[in-house]
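Remarks on the structure that follows.
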Amino acid sequence: MSRRRYGYFECDDCGRCWESAHVYCDEFDEAEYEQDCEECGAACLPDRVEPLICSECKLVDCICTDEDLEKKRNVDPDKPHMKELCHKCQSGDPCTE
């Protein structure tokens, strides 16, 4: 079962850096899906991943209610998930609906 993590990326081809709250890892915290670089299109795995920390309760193992979670963890609500760059979404198993 995949675990959602927060990832830090740097493209090996063009050097662009970005972060994503949509990194899915195996039980060893190895990323299972790549994301394409928005600048050059190269497929990249994150350089580093860490657990998502709830912005409401500040815990990794969140104790918030469903209502609290509507505020989204580590996510800017005005910034949509870029499905066209996400290999998990492209695989037919979308990160978000």
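For the sequence shown, the positions run 335 to 431 when our numbering is used.
By construction, the Cβ of each residue, glycine as well, lies at the ideal position given by its N, Cα and C atoms.
Measuring alpha carbon to alpha carbon, tell me which of the options ends up nearest residue i.
i, options, result
"residue 360", "337, 419, 371 and 350", "337"
"residue 354", "415, 394, 366 and 388", "415"
"residue 383", "348, 365, 370 and 396", "365"
"residue 371", "339, 425, 423 and 346", "346"
"residue 362", "335, 348 and 388", "335"
Give me the DSSP bridge partner(s) of residue i.
i, result
"residue 359", "337 and 365"
"residue 377", "370"
"residue 385", "339"
"residue 396", "According to DSSP, residue 396 bridges with nothing at all."
"residue 353", "342"
What are the boundary residues of the alpha helix (DSSP H) that residue i is part of?
i, result
"residue 413", "Neither: residue 413 is in no alpha helix (DSSP H) and is coded neither H nor E."
"residue 423", "421-424"
In chain order, what residues of the same chain lie with their CB nearer than 7 Å to the CB of residue i, ignoring the 5 residues before and after it?
i, result
"residue 419", "369, 370 and 372"
Apart from the five residues on each side of it in sequence, which residues of its chain come closer than 8 Å, Cβ to Cβ, to residue i?
i, result
"residue 378", "343, 344, 345, 346, 368, 369, 370 and 371"
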